[in-house]
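First the structure, in the form of structure tokens, and then the observations on it.
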Amino acid sequence: MDGKTGFLQRLALLVVLAGILLAMAVDSAFAQQPTPSDDDVNRVAKQMYCPVCENIPLDVCPTQACAQWRALIRLKLSEGLTDEEIRQYFAEQYGDRVLDVPPARGLNWLVYVLPPLFLLGGVWIVVRVFRSMQKPAPAVTGDSAASGTSPESAEDPYLARIEEELRRREREGR
Amino acid sequence: MLANIGFGVLVVSFITSLYGIFASIVGVRKNSLAWVESARKAMQITFPLISIVAFSIILLLVTGQYQVQYVYNVTSSTMPLYLKITALWGGQSGSLVFWAWLMSAFTTAVTLRKWERDREFLPWVILVGLVTLTFFLALILFFENPFVRFWVTAAGNQVIAMLPPAGAAPLIPADGRGLNPLLRHPGMIIHPPMLYLGFVSFVIPYAFAVAALVTGRTDDRWIRITRRWTLVAWLFLSLGLVLGSRWAYDVLGWGGYWAWDPVENAAFMPWLTGTAFLHSVMIQEKRGLFKRWNMILIVLTYALVIFGTFLTRSGVLSSVHSFAQSAIGPMFFGFIALSMIISVWLLVWRWDILRSEGTMHSLLSREALFLLNNLLFMGILVVVFWGTVFPLISELFTGQKVTVGPAFYERSTGPLFAGLLLLMGIAPLSAWGHSTLKTLGKALWKPALAAVVVVIAVFAGGIRNVGALLGFLLVALVIFITLFEYYRGVTARRRRTGEGLLAALFNLMARNRRRYGGYIIHLGVVLMALGIIGIEMFQTETQGTIPPGGSLRLGRYEVTFTRLDIFDANDGRNVARATVLVSRDGRMLGELHPRRDLYFDSMQPMTIPGVRSTIEDDLYVLLVDWEPISSTGVTFKVYHNPLINWLWIGGFVFILGMLVAAWPDKDPQPVAVAVRRGQVIPSRSSGD
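As they're listed, the protein sequences go chains A and B.
Taking my numbering, the leading residue of the first sequence gets 1, the next gets one more, and so forth.
Taking my numbering, the leading residue of the second sequence gets 1001, the next gets one more, and so forth.
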């Protein structure tokens, strides 16, 4: 067995061990509590925000008002409402801002539609740029095309040579 | 007295900046070196002047001059000295002074460089730097004066003013309100300065870009001069983001590190365009392409820097970070609009001479992959920007505010980040100019095979989450490709020079620090990605109220509550500190002490987690609630955060890579350059 094969085998063993360790590290967890438990309440509260404590999810907000909201969620859960029904109940009472994402209706559609549209526009621009750049650009000398010399130096071969020489030395210096 | 001195020097700083703007404009119009030099001197003088302003505030804070409103708002007698000093950036007006101070330091530093080869840039760089600085000084002077004081008039009314109204006497409160508890953390000592340094140093490449546009010298010179400035800006901004994440993890008590809060997004957006810019300028340097795009990117970065400061400081978007709110929003808005209009006008004016000088031949060439990388960064930017401003737009048009929470950002940006990881793996293997599927496949197959083996092993270990498996595949791919690149370089060098392994590695990196520093940065990013996959896809949590001796179980961990101590600390806090025992699979691991601090001066609570950290995972325990009278027990929330520490380890690697890439070169000795006419012309490095 040559050194290279041995190295690859050791690498493969290391990779397998790392994979197993990784899998162990992310082992799933469980918590058993009476229903509706704190975890049930937090599952719903995690997707909601109270209007006062902006940008702090309801499940972690330490204020008394948010504790009362969590108690209300517990009550609603015990009454048999589903997670979505509870979210809707709060949205009707306090407005859509209590939900963690805007409901897809009215102006809110923009929040979902605009980014993909922009991305598509970006793809279109990139395709166009790529196509246009496959043709050589007009009126540019060969030397400056490769290195991006200044217009002044492109006009004067003497300056262009100095620029090129300096650039080469800068590159070598790095 | 000290407040008067600080205010007086602030006024002088403002006038000096205005004069510098005037002198640079006159210098350009009259083509007068003397006027430009005068502008340069004015620029350089702003730094010592604003230093005096900043030190005046620090002295006021440290000596507890509560008559000054700012001091009263952000300090109290129980605060330790280091927090009194860092309270300089703990409130609105102090932060703006701090911003201006750093800005003047950077712009002064840039005027100290050698300008022989770039003399035509100088007045424009000074002008952009000083206009930005003057804007901030105007905000401080006219809207957020940190030296205003409390007075009591003869009629007994309280007044806040710089100068005493007629017959008024100073009103000196016995103590201050103290710093926001969230800011009383070591992370907060470094996090804001890093962000601000990142913000202000991005002004430098923008200033050079404007200078290049105005003078028509749109070759890659401005990019070469500002390359290191850009890297430094990016280094500081990245450091700020990583430290901010760590602060959020340690202090905010939600078990996470990033909440897509508008103010987090404000710092993230210029980082996105800055990162795209760092990649894109390489294409211009190597291939003469994308001059227009690079200009657009740096203009966007500058606008986002100001926009980020606007979001943070104007209070337009309320969030956990928006500690201070004021009426400076319209000023910011006007400044952003003005700088955008001027930048766009310059771009349109110079559009023709910004044409690319080269051609692109292959979709798999490195420049094409960098272009895709830029597209993905822009995609993420659009998502983050839109998610951040949409609540405002909704409120403006419908009167109803909406919340755009993490779920929106995570779903929208997840695939784009995955695409970036993939490009991060492939791009280093592609060649500038031309690459084919065959050449790329030849370089890629070995690392790809190793990455597939990792994913099979992870799958065999029981992981079935498709997104996570894809994430692990990409992470492994980038790691193997990066290591493979090092391996190839070191092997080639050893073969050629006969050096030892470490010497070959060191010299390889020293010869091309930008490239190999970049690879280290990539390694840092994928290690961070590993931590993010771990916490985002495998985080578990449980909450329960337990009596002393009771336990909460989460996966293989068990948390047993033993005692709760409630006491007053000598720094103005009431502390409720729980002691819990942590075991895993029945084996005792140790004690943790989650606690809740209540600060008397501000009556604000802080939830500090008890955390057991290993490279495998974190067990993160929060003290949620307790009933001091009843015997019901104490409520704990327990998070299991797998792989989270790879996020911080990756952050260190990331910073290390940036230091390697950005470390200054030795100034080469002057050398003789032989040119066609037979003359000998001395040349030297540009000092960039």
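The beta carbon of each residue, even a glycine, is placed where N, CA and C say it ideally should be.
Every value quoted in this text rests on a predicted model; they were computed, and no experiment measured them.
The region 1541-1553 of chain B in contact with the region 1271-1281 of chain B per 3-pair CB rule at 8 Å: no
Rounded C-alpha distance that separates Leu1010/B from Leu1137/B: 8 Å
Under 9 Å by beta carbon: chain E residues contacting Gln1543/B: Annotation note: the requested chain E is absent from the structure, which comprises protein chains A and B.
Touching by the beta-carbon criterion (3+ pairs, under 8 Å), the region 1213-1232 of chain B and the region 1327-1340 of chain B: Between the region 1213-1232 of chain B and the region 1327-1340 of chain B there are fewer than three C-beta pairs closer than 8 Å, too few to call the two in contact.
Other residues of its chain near Leu1052/B: CB distance less than 8 Å, five sequence neighbours each side excluded: First, the residue type needs correcting, since residue 1052/B is Ile and not Leu in the sequence shown. Once the five neighbours on either side are set aside, the close Cβ partners of Ile1052/B are Ile1005, Gly1006 and Val1009.
Chain A contact for Phe1323/B (CB, 7 Å cutoff): Unreliable placement is indicated for Phe1323/B, whose pLDDT of 38 sits below 50; no coordinate value is reported for it.
Within chain A, partners of Ser1280/B - CB distance below 8 Å: Within chain A, no residue has its beta carbon less than 8 Å from that of Ser1280/B; the closest one is some 12 Å off.
Backbone secondary structure at Ser1013/B - three-state DSSP: helix
Chain B residues whose Cβ lies nearer than 7 Å to that of Asp100/A: Thr1403, Gly1405 and Ala1407
Asp1597/B versus Pro1605/B - alpha carbon distance: 5 Å
Residues in the region 1353-1375 of chain B having any Cβ partner in chain A nearer than 8 Å: Ile1353, Arg1355, Ser1356, Glu1357, Gly1358, Thr1359, Met1360, His1361, Leu1363, Ala1368, Leu1371, Leu1372 and Leu1375
Distance cut-off 6 Å: Leu1297/B Cβ against heavy atoms of the ligand MG: In the structure on display, the ligand MG does not appear, and there are no ligands present to speak of.
Short-range partners of chain B found in the region 81-107 of chain A, where Cβ spacing is below 9 Å: Gly95, Asp96, Arg97, Val98, Leu99, Asp100, Val101, Pro102, Pro103, Gly106 and Leu107
Interface partners of Gln134/A on chain B, CB under 8 Å: Thr1359, Met1360 and His1361
C-beta contact flag for Trp1124/B and Val1210/B at 7 Å: yes
Beta-carbon proximity list for Gly95/A, same chain, < 8 Å, skipping 5 on both sides: Pro51
N-terminal and C-terminal residue of the beta strand (DSSP E) that Gly1544/B is part of: Note, Gly1544/B: beta strand (DSSP E), Thr1540 to Ile1546.
Integer-rounded CB distance, given that Leu1060/B should sit under 8 Å from Val1071/B: 5 Å
Range covered by the beta strand (DSSP E) that runs through Phe1561/B: Tyr1557 to Asp1568
Continuous beta strand (DSSP E) stretch holding Trp1151/B: start and end: Arg1149 to Val1152
Arg1553/B in three-state terms, based on DSSP: strand
Proximal residues to Ser1429/B (C-beta, below 7 Å), its chain only, five neighbours per side dropped: The amino acid at residue 1429/B is misidentified as Ser; the sequence shows Leu. Within the same chain, Leu1429/B has close Cβ partners Leu1440, Ala1443, Leu1444 and Ile1481.
Trp1349/B classed as buried or exposed, judged by whether at least 16 other C-beta atoms fall within 10 angstroms: Answer is exposed; the Cβ neighbour count stays below 16.
At least 3 beta-carbon pairs within less than 8 Å: the region 1634-1652 of chain B vs the region 1606-1623 of chain B: yes
Beta-carbon contacts of Leu1346/B that lie in its chain and below 7 Å, excluding the five residues immediately before and after: Val1210, Leu1213 and Val1214
Closest by C-alpha distance to Asn1265/B, when choosing among Val1384/B, Glu1367/B and Tyr1519/B: Closest option to Asn1265/B, judged by alpha-carbon separation, among Val1384/B, Glu1367/B and Tyr1519/B: Val1384/B.
Own chain partners of Tyr1019/B with C-beta closer than 7 Å, once the 5 adjacent residues on each side are dropped: Ala1042
Residues bridged to Ile1608/B [DSSP beta-bridge criterion]: Bridge partners of Ile1608/B: Arg1595/B.
Same chain only: Cβ atoms within 7 Å of Ile1479/B, ignoring 5 sequence neighbours per side: For Ile1479/B, same chain residues with a beta-carbon under 7 Å away, outside a window of 5 residues either side, are Leu1523 and Val1526 in chain order.
Contacts of Met1194/B in chain A (Cβ-Cβ under 9 Å): Going along chain A, no residue has its Cβ under 9 Å from Met1194/B, so there is no contact; the nearest lies around 22 Å.
Strand pairing of Thr1226/B, partner residues [DSSP]: Answer is none; Thr1226/B lacks a bridge partner.
Other residues of its chain near Gly1633/B: CB distance less than 6 Å, five sequence neighbours each side excluded: Thr1545, Ile1546 and Pro1547
Gln134/A, DSSP secondary structure in three states: coil
Minimum Cβ-Cβ distance from Ala114/A to chain B less than 7 Å: Position check: residue 114/A holds Leu in this sequence, whereas Ala was assumed. Taking Cβ atoms only, chain B reaches closer than 7 Å to Leu114/A, which makes this a yes.
Inter-stretch contact (C-beta, 8 Å, three-pair minimum) for the region 87-101 of chain A and the region 1404-1412 of chain B: yes
Contact the region 1194-1207 of chain B vs the region 1091-1103 of chain B: 3+ CB pairs below 8 Å: yes
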